[in-house]
Structures are given as structure tokens and as C-alpha cells.
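As C-alpha cells, the structure follows; a few thoughts come after it.
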Amino acid sequence: MKLKTLALLAGGATILASCATGPGGSHGDALRLMQRDFKPVGIATMDRLKQDKVQAACNKYDDNPPKALADELQKEQYATVKWPADGKLLGDWKSGEKIAQRGRGMAWNDKPGKTSRGEPNGGSCYNCHQIGPATTSFGTIGPSLYQFGKLRGYGPDIQRYAYAKIYNAKAYSVCSGMPRFGHSGTLTEQQMKDLTALLMDPASPVNQ
Amino acid sequence: MRQALVLGFVAAFAAGPWPQAAAQTEDPVAAEFDKFRAVLEQDNPAELWEVKGEQLWKTPGGPNKVSLEKCDLGLGSGVVKGAYAQMPRYFADVGRVMDAEARIVHCMITLQGFKYEDLAKAPFSSATRTPDPVSITTYVAAQSAGMKLAPSQGHPKEKEAYTLGKEIFFYRAGPWDFSCANCHGLDGKRIRTQPLPNFAKPETALASVQGWPGYRMTGGVMHSLQWRLSDCFRQQRFPKPDYASETLSLLMTYLTVNASGQTYKGPGIKR
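Protein chains in written order, with the working numbering: chain A, 18 to 225; chain B, 1430 to 1700.
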């Protein structure tokens, strides 16, 4: 028992001694350490540490991959967008506002599609964006979305852009800091429609 | 009188020598939070845990009924003063770099006879309980108050720890594609109203170390960097890092070395 404990605390020495700059260089070494030191909790399984093509490219090129690669990946990401079967992209902006406010979901204690409190997953939108005029406690990592539709127009192209951006932000900017809410299964089709309405419905407070 | 003192302190703080505070005053919302924190720091409840931690350090405890006074925090057996400001560092007896709390846990296991499994079962504070390693870390940290951060980078393993810690900092993965850098590699940004200092830059990296261990007003609990980094990974939507694991020590090495040369103020107060 004690040996096991000491091995846990001292374990890095053995891993690294056997592969000081092993496959993948220090990046590979760091990943192997994380795979050893992280444990799955509920829905947060170990496969989350595995990078997909987009994550790997952005990591490798410090979020600035060569243009040809970025274009190719963006095309692939755009192709992942599942468009609503009924062709309608605008849901209910009031429900969208709630989704935008909520920042929970997808973490250790949450459930598939639901927060630990049993609410649907949130979009965490206000964490990074200014959106509706009533909320002043917005983050600034992403651009302001206030008057999103009013400034860009309410046409079908902009609707499609808004929906696809929420579904898969990497379709437009491959190393965007924004999660791929549809692609990752964080938000449902209806939730993404509601968020699109929050940005695009002329009646939404965002566009007043 | 007291209020005048407080106001005087705030005024001094606003014009103060902290590069971090100066950078944040560009954002009026963040500046208000900084002022609030400065006022509260004057009677920081963290002192309660400092006292408790000192008792735990000096009193025989654990299955072996010995104190931690022979624990080597890197400056020799039992030397506490200045040790926190020079960690993480390489420890030959374990062959790896350790941060302060990981080292304290190591000493509790090797000297006092505790089991890692028991210490790691519920390692973070709640409203009703502060784990002993957190109190001890607070005590040890307080003995470096006012000193310059000087994590050792002399040993090859310490240099390697910085490189690996940097890889972990920039590792993008998970369902939301986040690395630490997505929030903490940018200048002048906020999440909601919380400022997000750029930890990849020396000028702002101090914020990753300063104030930890800290009394957190949310919930009124004492937390260490172990908790802070673990909870960051939760919000990053990663799996859960083992308590006192090497991965966390490596990440702390990256952060602390980036802040090297700046003055550590001791246990602080957090939102």
C-alpha cells in the first residue's frame, strides 16, 4: 500500500526516465503524464484528453495554422453542421436568453445533456459575450453580439451563419476560442434555434 | 478613524506598485472588485488557518505520532521560512518536482504515516471542514510573505518541468476545445465580471500565484492552488486531475516561473 502511494507521488520519474522526450517530444510526454494523472468523473471521461484534428492543429500551430490547412479544416467542420429538418432556424428568443445566461453542463457532476441540477445544458454565452442590454455582467473574450441582427440584417444568410457558428464555431475560424455547441453535443437543435432567435429575432431585446 | 484608514489604504492601493492592479484598472468593473478585495484583505480570515497550520506542523500527529518539523521543503529539514516562494522545486528523494502542498502531503505520508488515499479522498475545503494539508500549506505560504518568488530552475528536471507545464497550459482538448490559455493566455479579458490575467506573460503571471492559498468569499472557505487548478480543469471540461499529482506540480512550475522575481504577499483573499 505504501509502495503504491510513493509510486503515485514519485511516478513521474519512471515515466520520464524511460522516455525523456519520447514520441511526440515534450508534447507527447505531457500528454502521457496527464493520461496517468487524470481520472474520469461521470461524463468527463478520459477520451476527453484525446485531441481531434482541429484541436491538434491549433495546439501545434499556436492557434495560427497555415492557411491551406485552416481552410481544409474549416470546410470539414462546416460539413458537420446538421441543419434542422424543418428548415426553420429561429426558435424562441426568451428561451434563448436563458440558455445564454446559463453556464453549466458537461462538467464532472453534470449528466448527459443536463446540469447536475437537472436543467438543460447552458451555452455559457454571457461568460464571453455582451448580448442583451439588461445584462452588464458579461465577459469580453468574444466580440459583442449586441444588436447582432440589427447591424447585419435579418436575412436567411445571416440566420444560417448564426446557427452554424453556434453549432460549430470552427467552421468559420478554425482555432476560435468558442466551443462547438452542436458538434460536441452540448446543446440540442431546439436550444441552438432559440439562441439564433436571441440574436436574429427583430423582437429580441438584443436588436432593440 | 477605521474607515479613514481603509480609504487611505484603498487610495494607496489604487496608486500602488502592483503591475497587475495597474493593468486591471483599465476595466472599471474589475477595478471596483480590486478595491473591494483590498479592503477585505486587511482582516484576512486566512490568518485563522495559518495559526491552525502552524499547530499541525509543530504538533506530533498521524499514525506515527511525529510532527512535520523534520519535513524538508527544499531548504533543508524543517526550514519553513522562504520555502514556499522557492517552490515548485526538484526533490531528489522522489525524483520529481513538487509544489508546496504536494510536498507537505509527501511529508505527511513519509513522516507521519498518513495514506495518500485517505488524504486524497476529500482534499478540498468545504463550509464545515478544512483539510489539514490546506491549513499547513497556508502556514507554510505565510512564512514566505513579502519575499520574491524564486522557484528553482537549476536542475534539469526543473527546466523540464517548466517545458512540460507549458505544454499542459497550452493543451487544447475536451468537448469545449479549451486549454488553460484560451482564458488565461489573452490580455485584458474578463469572464463575466472576473478579470482573466494572462499567465503566459511575466507582467501578469503573478496573479496565478498571488493570493493563494486564499480565503474565498464564495462559501467562506480556505483554498489552495491545488483546488484552484483542479477546479479550472473542471471548468475546462477535462477529467479530474489527481490531488497533489505531478501534472499539477508541473503546471504550477510553469505559472510560478513566469511570475519569478515578483513579490509574493502571502495568503490572500479571493472572490
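Built from N, CA and C at the ideal position, the CB exists for glycine as well.
> If you drop the 5 nearest sequence neighbours on each side, which residues of the same chain put their C-beta closer than 6 Å to that of Ser1637 (chain B)?
Replying inline: Hits under 6 Å: Phe1628 and Leu1684.
> With respect to the beta strand (DSSP E) encompassing Arg1525 (chain B), which residues constitute its N-terminal and C-terminal limits?
Replying inline: Arg1525 to Met1527
> For Leu1548 (chain B) versus Leu1497 (chain B), is the C-beta distance shorter than 8 Å?
Replying inline: no
> Any Cβ of chain B within less than 8 Å of the Cβ of Val98 (chain A)?
Replying inline: no
> Mind pulling the chain B residues with CB within less than 7 Å of His44 (chain A)?
Replying inline: Per Cβ cutoff of 7 Å: Glu1596.
> Looking only at C-alpha atoms, which of B:Arg1525, B:Tyr1693, B:Arg1532 and B:Ile1698 sits nearest to Met1576 (chain B)?
Replying inline: B:Tyr1693
> Quick one: what's Arg1645 (chain B) bridged to in DSSP?
Replying inline: BP columns for Arg1645 (chain B) point to B:Val1650 and B:Lys1699.
> Among A:Cys145, A:Tyr163 and A:Ala73, which one has its Cα closest to the Cα of Thr157 (chain A)?
Replying inline: It is A:Cys145.
> Can Met1516 (chain B) and Pro1580 (chain B) be called in contact, C-beta distance under 8 Å?
Replying inline: yes
>> Give me the chain B residues within the contact set of Gln118 (chain A), using Cβ-Cβ distance strictly less than 9 Å, ordered along the chain.
In response: Those within 9 Å of Gln118 (chain A) in chain B number zero; the least Cβ separation is about 10 Å.
> To the nearest angstrom, how far is it from the Cα of Phe1553 (chain B) to the Cα of Ser190 (chain A)?
Replying inline: 38 Å
> Which chain B residues are close to Trp125 (chain A), counting only those with a beta carbon under 7 Å from its beta carbon?
Replying inline: Under the 7 Å cutoff, chain B gives Arg1663 and Lys1669.
> Sorted by chain position, which residues of the same chain lie with C-beta nearer than 7 Å to Pro222 (chain A)'s C-beta, five sequence neighbours on each side aside?
Replying inline: The answer, listed in chain order, is Gly149, Pro150 and Ala151.
>> Only counting the same chain, and skipping five residues up and downstream in sequence, which positions put a Cβ closer than 7 Å to that of Arg177 (chain A)?
In response: Leu106
>> On a Cα-Cα basis, can you pick out the residue from B:Arg1525, B:Ala1512, B:Tyr1600 and B:Trp1656 that is closest to Tyr1644 (chain B)?
In response: B:Trp1656
>> Any beta carbon from chain A within less than 8 Å of Asn1627 (chain B)'s own beta carbon?
In response: no
> Just how far apart, CA to CA, sit Pro1560 (chain B) and Gly1690 (chain B)?
Replying inline: 30 Å
> Is the stretch 1585-1604 of chain B close to the stretch 1499-1508 of chain B, with three or more CB pairs under 8 Å?
Replying inline: no
> Going by the CB atoms, is the gap between Gly113 (chain A) and Asp174 (chain A) shorter than 8 Å?
Replying inline: no
>> Could you compute how far the alpha carbon of Asn1473 (chain B) sits from the alpha carbon of Gly199 (chain A)?
In response: 44 Å
> So which residues of chain B does Leu66 (chain A) contact, with C-beta pairs closer than 9 Å?
Replying inline: The CB of Leu66 (chain A) comes closer than 9 Å to the CB of Tyr1600, Ala1602, Gly1603, Phe1667 and Pro1668 in chain B, given here in chain order.
>> Using only the alpha-carbon positions, how far apart do Lys1595 (chain B) and Asp79 (chain A) sit?
In response: 12 Å
> Name the chain B residues that come within less than 7 Å of Ser201 (chain A), Cβ to Cβ?
Replying inline: Pro1604 and Trp1605
>> For Gly59 (chain A), tell me which candidate among B:Ala1460, B:Met1681, B:Leu1680 and B:Lys1669 has the shortest Cα-Cα distance.
In response: B:Lys1669
> On the three-state DSSP scale, how would you describe Tyr184 (chain A)?
Replying inline: helix
> Listing by chain order, which chain A residues have their CB less than 8 Å from the CB of Lys1618 (chain B)?
Replying inline: The answer, in chain order, is Gly156, Thr157 and Ile158.
> From the beta carbon of Ser1611 (chain B), is the nearest beta carbon of chain A less than 8 Å away?
Replying inline: In the sequence as displayed, the identity of residue 1611 (chain B) is Asn instead of Ser. Chain A contact via Cβ: present.
> What separation, rounded to the nearest whole angstrom, lies between the Cα atoms of Tyr171 (chain A) and Lys99 (chain A)?
Replying inline: The straight-line gap separating the alpha-carbon atoms of Tyr171 (chain A) and Lys99 (chain A) is approximately 21 Å.
> Alpha carbon to alpha carbon, how far is Tyr95 (chain A) from Gly45 (chain A)?
Replying inline: 29 Å
>> Can you check which of these residues, B:Gln1572, B:Met1651, B:Ala1688 and B:Ile1698, is closest to Thr1557 (chain B) by C-alpha distance?
In response: B:Met1651
> With 16 as the cutoff for other CB atoms within 10 Å, does Glu1546 (chain B) come out buried or exposed?
Replying inline: exposed
> From Leu1593 (chain B) to Ala1673 (chain B), what distance separates their C-alpha atoms?
Replying inline: Each residue's CA atom was taken as its position, placing Leu1593 (chain B) and Ala1673 (chain B) some 16 Å apart.
>> Against Gln72 (chain A), what residues of chain B qualify as contacts under a CB-to-CB distance less than 8 Å, listed in chain order?
In response: Arg1601, Ala1602 and Asp1606
> Under a CB-based cut-off of 8 Å, is Thr62 (chain A) close to chain B?
Replying inline: yes
>> At the level of alpha carbons, what is the spacing between Thr153 (chain A) and Gln147 (chain A)?
In response: 8 Å
> The alpha helix (DSSP H) spanning Pro1562 (chain B) covers which residue range?
Replying inline: Asp1561 to Ala1571
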